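Scroll down for the structure; my scribbles are underneath it.
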Ligand code: COA
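In the numbering used here, the protein residues as written are 248 to 406.
The structure is reproduced here in C-alpha cells:
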C-alpha cells in the first residue's frame, strides 16, 4: 500500500517553515499532498487560487509533492485523495492543544486516517504566516522567512 500523506493548512502564504516540513515528509512518504484549505472563517489575505499557485511555485522540483486546494471537510478530502495520514507540524508546546483537538476530532470522523506530527528545523519554530504578513505590511525584510516568489507577491499586495 502506498504511503500518502495529506498536509493541510491555510498557507496564507506558504513559508520556509512549511517548506521545511514538506521536504522532511517527502522523504518519509511515497506522496505528499499539500492541501490548501479555502478556510473562509480565517478571512485569508491571499485568495485560494493564489495560495495554491505560490505553493506550487515554491515546491516545484519535489517530484512526489503535489499542491491542491479544497473547500470540503478535511477528512472527506483525505478520503478522496486516498491519503492514509494527515500530517501536521508542531512548532512549540503552544501548538499542541489545538492540534490535539483537531487530531481527535478527525479520528472521530474518520477512524482509519491517522494524524502524524513533524517538527520543523528550530530556525523556523517561531515563523507564522500572519507574522510574515505583518512584517511585510510594515516594510520589514521577509527574505529569511519565505521563498523569493512569495516575497514578491507580498510586496505587490502591499505596494
Ligand atoms: N512553519 C511555519 N508556520 C507554520 C507551520 C510551519 N511548519 N505550521 C503551522 N504554521 C502556522 C501557519 O503559518 C499559521 O499561521 P497564522 O495563523 O499566523 O496564519 C498557523 O501556524 C496555523 O495554520 P495552519 O497550520 O495553516 O492551520 P490552520 O489552523 O490555518 O488550518 C485546517 C487548519 C486547514 C487544517 C483546518 O481548518 C481544517 O481542517 N479545515 C478544513 C475544514 C474541516 O475539516 N474542519 C473540521 C476540522 S475537525
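All C-beta atoms in this analysis are idealised placements derived from N, C-alpha and C, irrespective of residue type, glycine included. Computed from a prediction, not measured in an experiment: that's the story for all the values here.
Nearest-angstrom beta carbon gap, residue 262 and residue 382 [assumed within contact, 8 Å]: Not confirmed; about 11 Å, so no contact.
Those runs of the alpha helix (DSSP H) which lie wholly inside the segment 335 to 391 and span at least 4 residues: Within the segment 335 to 391, the alpha helix (DSSP H) runs of at least 4 residues that lie entirely inside it are, in chain order, 340 to 356, 376 to 384.
Same chain, Cβ closer than 7 Å to residue 322, neighbours up to 5 away in sequence not counted: Sequence-distant Cβ neighbours of residue 322 in its own chain, meaning closer than 7 Å and more than five residues away, are 353, 356, 357, 360.
Opening and closing residue of the alpha helix (DSSP H) in which residue 264 lies: Following the DSSP letters along the chain, one finds residue 264 inside the alpha helix (DSSP H) bounded by residues 263 to 275.
Chain-order list of residues whose beta-carbon lies under 8 Å from that of residue 248 (same chain, five-residue window excluded): Setting aside the 5 residues that flank it on each side, residue 248 is surrounded in the same chain by 331, each with a C-beta closer than 8 Å to its C-beta; the list follows chain order.
Residue of 311, 253, 393, 326 minimising C-alpha distance to residue 377: The shortest C-alpha separation from residue 377 is found at 393.
Close-in-space but distant-in-sequence residues of the same chain around residue 369 (CB under 7 Å, 5 per side omitted): Excluding residues within five positions, none has a Cβ falling inside 7 Å.
Residues of its chain near residue 292, where Cβ-Cβ distance is below 6 Å and the 5 sequence neighbours each way are ignored: 259, 380.
Residue 258: CB within 8 Å of a non-hydrogen atom of the ligand COA: Proximity of the beta carbon of residue 258 to the ligand COA is indicated: a heavy atom of the ligand is located closer than 8 Å.
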